[in-house]
Each structure stands twice: as structure tokens, then as C-alpha cells.
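Peer 1: Take this structure, written in C-alpha cells, and hold onto it; I'll ask about it next.
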Amino acid sequence: APGHRDFIKNMITGTSQADCAILIIAGGVGEFEAGISKDGQTREHALLAFTLGVRQLIVAVNKMDSVKWDESRFQEIVKETSNFIKKVGYNPKTVPFVPISGWNGDNMIEATTNAPWYKGWEKETKAGVVKGKTLLEAIDAIEQPSRPTDKPLRLPLQDVYKIGGIG
-11 APGHRDFIKN MITGTSQADC AILIIAGGVG EFEAGISKDG QTREHALLAF
39 TLGVRQLIVA VNKMDSVKWD ESRFQEIVKE TSNFIKKVGY NPKTVPFVPI
89 SGWNGDNMIE ATTNAPWYKG WEKETKAGVV KGKTLLEAID AIEQPSRPTD
139 KPLRLPLQDV YKIGGIG
């Protein structure tokens, strides 16, 4: 739910049905800091996802091209983000951190050549350690959760419409 507070309602509706959340963090100077500030949306979205029961998380650090694929910038973001998602309830060892450039498509489907320092992500799962390099590989590594098919059906409602003359 990028950018605007008005989209939080839509974000909640979608998140309540999700198996995994992808937290896209702007890696640009000042952008990351604004997102994880006390009232930042990055912090708010991570908290909402966990509160709504999403237990799997992928962190994509976007706009790495704007910081010239600086390894220290990526590591700083990983460290800060790990600290705050841990406070929210996520285990950072189960979260892949992937540096990407959405604008150029770097490290999304195919491994980038712009970050020779990046050896890939690693996450702990019930089956063991899973490794990869790209965002697509992180998405493919999402574990299928068990479904409570023996429990009553629940559907999220976003809005109620009253249609005149019908009821």
C-alpha cells in the first residue's frame, strides 16, 4: 500500500488474506529514515501485517541504483529493519533481505551484476535453511501455511453498500 494513508483500509483488507508480506523499503537517502521513523509507514505496515496474522515476511530494499548499490547502505538498512521487525514479532532469521532496483529490474527475476558484494539471502525454515539471490526466488521460497479447513469460514469485509429501493 504505497505512499498514502488513504490506502491503509485497502492494505488491511488484502493483508488479512495474505500468506506472506513483501515489505518494500526505499533505500534512497532520507527515504528509508522517513519510513522507519516513529510514525513512518514502513513501521506501520510491518506492524499491521503481523497483527493481521501474516507470519512470513520478505524485505526488498528498493532503489539501490540511487545509492550506487552501496553495500554499507544495504547493511545499515538490514540492521535497522531487523531491529524493528523483531520488536513487531518477526524473527529476522526467517526473513530474506533482497537488494533490488524496481526501475531497472535488477535482482528481481535474475541476479544483478551491479552488486558483486551481494552473496544472496538466507532464511531459516521448518525444513532447514533456504538460500537464494533474487526477489522471485524469495517469493518461491514462501512456505505454504496450514489452512484451518476444520474451522468456521471467515471473510473480511471492506465496506457495506446500501442500495436505494433494494434494501
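Counted the way my numbering counts, the sequence shown spans residues -11 to 155. All C-beta atoms in this analysis are idealised placements derived from N, C-alpha and C, irrespective of residue type, glycine included. Given the structure is predicted, the values throughout are model-derived calculations rather than measurements.
Let me confirm a value: Y149 is counted as buried when at least 16 other C-beta atoms fall within 10 Å, else exposed. Which label applies?
Peer 2: Exposed: under 16 other Cβ atoms inside 10 Å.
Peer 1: Let me know if F85 comes out buried or exposed under the rule of 16 or more other beta-carbons within 10 Å of its beta-carbon.
Peer 2: With 16 or more other Cβ atoms within 10 Å, it is buried.
Peer 1: DSSP puts I46 in a beta bridge; with which residues?
Peer 2: The partner list for I46 (beta bridge, DSSP) reads I10.
Peer 1: Report buried or exposed for Q146, applying the criterion of at least 16 other Cβ atoms within 10 angstroms of its Cβ.
Peer 2: Q146 should be labelled exposed.
Peer 1: Hey, could you find the ends of the alpha helix (DSSP H) E112 is sitting in?
Peer 2: Here E112 belongs to no alpha helix (DSSP H); instead the beta strand (DSSP E) covers W109 to T113.
Peer 1: Report the residue from T122, E110, N(-2) and G93 whose alpha carbon sits nearest the alpha carbon of A99.
Peer 2: When only C-alpha atoms are compared, the closest one is T122.
Peer 1: To the nearest angstrom, how far is it from the Cα of T30 to the Cα of L36?
Peer 2: If you take the alpha carbons of T30 and L36, they lie about 10 Å apart.
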